[in-house]
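Visitor: Residue numbers for the sequence shown, in my numbering: 18 to 314.
Note that CB positions come from ideal geometry on N, CA and C, so glycine has one too.
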Amino acid sequence: MNGNLAKAPRFDQVEDFDKSEYELYKVHSYIDSLGFFWINLDAAEKPRLSWEEQFGGVDKQPRLENFDMSNYEYDHTWSMEGKFNWKTLIENYNECYHCPTAHPGLAPFFKGNKQMNYGLNKYWVEHLGAKGEQRASSVSPTYMFPNASVTLTPVFFYMMSIVPTSATTSLMRYEVYRSKSATSEELKEKLDFFIQVESEDKWLANGSQSNLNSDTYTTGPFHPDVEEAVVYVIGKVKGLLHDHVAEERKRGSEWWPARRGPVQATRSSAEEDEAFCRGVCSSSNMNDKAVPEGLAW
């Protein structure tokens, strides 16, 4: 398959019809050294941000050399629904200030105030472990901006994504791969523990969102060490939002980087129609200047 339009019955009689303008959309892709397949949906011929600019080095972490990716095979996928904005769980994931209290099973690991973040790199964060050669290889989590992570362990590894379903709800999705040498008993023991921790995080995120929904909640400061990654991620979000708004002001219109524009043959008509609809909606003075619901028809 090459994505070319195979058939367009009777369009050979249509003047100026160009089959090449109606191919399947091309997407940018990249395979890293660990075998992970990355997709970039930027509609531009050349992505505005390359994989290297965003995630270069994420697959070259020395601690990941302890894992043979060919020794893992797909096991299952599972998910949980949460009553929180997706960024609420991302904040939870990128700090472990709460871990000694909220995760009893993890508490012994954090005796001595173990450091959590060992690299705020481009668009990814390296979590857990000791410094240098002492860095632990038993659990190696890596967060990838904006809403994904990969955690490697000797028994299994999983890819997590936080999928927004509304402004205040999200889907936590986990794709699990087991070690070919792990027994069923070993896998169950580790997975049960992992699911318990994830369920505790969901409970915390639900509570955090309840606070955010109230009109009496006020924010506090972030700890400069144990919540360093949260501050880093918030900075990324705010920076991209400001850049996006600046780009829209420059263009004088909305900007959807993944959206393909109309093909050349219909571009003028489509742009005129969209400009007309925007004008009708923006000039409406009904319902306190809100767009009348009937216009959706």
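So who's on the other strand from T159, going by DSSP bridges?
Guide: Residue pairing by DSSP places T159 opposite E143, V167 in a beta bridge.
Visitor: Would you report the Cα separation of K197 and N138, rounded to the nearest angstrom?
Guide: Computed Cα separation, rounded: 31 Å.
Visitor: From F101 to E82, what does the alpha carbon distance come to, in whole angstroms?
Guide: So the two alpha carbons sit approximately 36 Å from each other.
Visitor: Around the C-beta of S155, are 16 or more other C-beta atoms found within 10 angstroms, so that it is buried, or is it exposed?
Guide: exposed
Visitor: Just reading off the alpha helix (DSSP H) that D260 is part of, what are its end residues?
Guide: 245 to 268
Visitor: Have a look at Q71, D218, E206, N88 and flag the residue whose alpha-carbon is nearest the alpha-carbon of H120.
Guide: D218
Visitor: Please name the residue or residues paired with W95 in a DSSP beta bridge.
Guide: Under DSSP, W95 forms a beta bridge with Y191.
Visitor: Do the region 97 to 115 and the region 228 to 243 touch if we need at least three Cβ pairs shorter than 8 Å?
Guide: yes
Visitor: Give me, in chain order, the residues of the same chain whose beta-carbon lies closer than 7 Å to that of A263; leave out the 5 immediate sequence neighbours on both sides.
Guide: In the same chain as A263, and ignoring 5 residues on each side of it, no C-beta atom comes closer than 7 Å to its own.
Visitor: Mapping the DSSP letters down to three states, classify G136 as helix, strand or coil.
Guide: strand
Visitor: Can you look up N317 in the DSSP assignment and give me helix, strand or coil?
Guide: Any property of residue 317 remains undetermined from this structure, which presents the chain solely from 18 to 314.
Visitor: Going by DSSP, what residues sit across from M177 in a beta bridge?
Guide: S166, Y191
Visitor: Cα-Cα, which of L208, Y42, S201, H144 is closest to Y175?
Guide: L208
Visitor: According to DSSP, is S196 part of a helix, a strand, or is it coil?
Guide: strand
Visitor: Flag this pair as touching only if the region 26 to 38 and the region 246 to 254 have three or more C-beta atom pairs under 8 Å; answer yes or no.
Guide: no
Visitor: Please state the DSSP three-state secondary structure of F54.
Guide: strand
Visitor: Is it buried or exposed for S166, if we count other Cβ within 10 angstroms and need 16 for buried?
Guide: buried
Visitor: Within its chain, find whatever has a CB closer than 7 Å to the CB of V243; leave out the 5 residues flanking it on each side and keep chain order.
Guide: E112, C113, Y114, M133
Visitor: What do you reckon, are the CB atoms on S46 and N57 nearer than 9 Å?
Guide: yes
Visitor: Quick one: what's S37 bridged to in DSSP?
Guide: Answer is none; S37 lacks a bridge partner.
Visitor: Measure the Cβ-Cβ separation of T159 and Q226 and say whether it is below 9 Å.
Guide: The Cβ-Cβ distance between T159 and Q226 does not fall below 9 Å.
Visitor: Taking C-beta to C-beta, are F162 and A199 nearer than 9 Å?
Guide: no
Visitor: If you draw a straight line from the C-alpha of K63 to the C-alpha of T182, how long is it?
Guide: 30 Å
Visitor: State yes or no: is the C-beta of W141 within less than 9 Å of the C-beta of Q213?
Guide: Against a cut-off of 9 Å, the Cβ pair of Q213 and W141 comes out as no contact.
Visitor: Report the rounded CA-to-CA distance for I251 versus E40, giving the unit in angstroms.
Guide: 38 Å
Visitor: Near I179, which residues of its chain fall below 7 Å by C-beta distance, leaving aside the five closest residues on each side in sequence?
Guide: Leaving aside the five residues that flank I179 on each side, the residues in its chain whose CB is nearer than 7 Å to its CB run, in chain order, W103, L106, I107, N164, S187, M189.
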